[in-house]
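To start, the structure under review is shown below, and the notes come after it.
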Amino acid sequence: MPLFMDVHDGIPDEADAQAVADAHQADLRIQDKYNTRYINYWFDGDSRKIFCLVESPDSATAHAVHREAHGLVADEIYSVEQG
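FYI, the numbering for the sequence shown is 0 to 82, going by numbering that gives the first Met the number 0.
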């Protein structure tokens with residue numbers, strides 16, 4: 000299945016590591032509905048960015064999971080290959 004890295008820019012200052020973890024858990028709760036697997040995420044509190052690694056049929060489907068789970072959709076989604 001294709002692998003994607005999505006990038007969320009400009010995360011609000013009030014969003015802390017726990018809020019990001021909660022959003023990731025929301026993704027995990029509904030990902031099967033979309034035949035998608037959110038593998039991992041990284042939060043950079045200094046730059047206010049989140050990066051999510053996801054297996055998904057396509058980028059639009061990965062986007063749909065975020066939209067339904069919590070509304071924090073990615074600003075960019077890249078197709079990636081593991082090295």
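Ideal placement from N, C-alpha and C gives every residue a C-beta, glycine not left out.
Residue i versus the options, residue with shortest Cα-Cα distance
i, options, result
"residue 47", "1, 74, 9", "9"
"residue 83", "76, 7, 82, 58", "The requested residue 83 is not part of the displayed model; the chain covers only 0 to 82."
Beta-carbon spacing of residue i, residue j below 8 Å
i, j, result
"residue 80", "residue 2", "yes"
"residue 38", "residue 64", "no"
For residue j and residue i, the rounded distance between their alpha carbons
i, j, result
"residue 43", "residue 4", "15 Å"
"residue 36", "residue 19", "17 Å"
"residue 73", "residue 62", "7 Å"
"residue 83", "residue 71", "Since the displayed the chain opens at 0 and closes at 82, residue 83 lies outside it and no answer follows."
"residue 32", "residue 51", "18 Å"
"residue 66", "residue 14", "17 Å"
Residue i in three-state terms, based on DSSP
i, result
"residue 19", "helix"
"residue 64", "helix"
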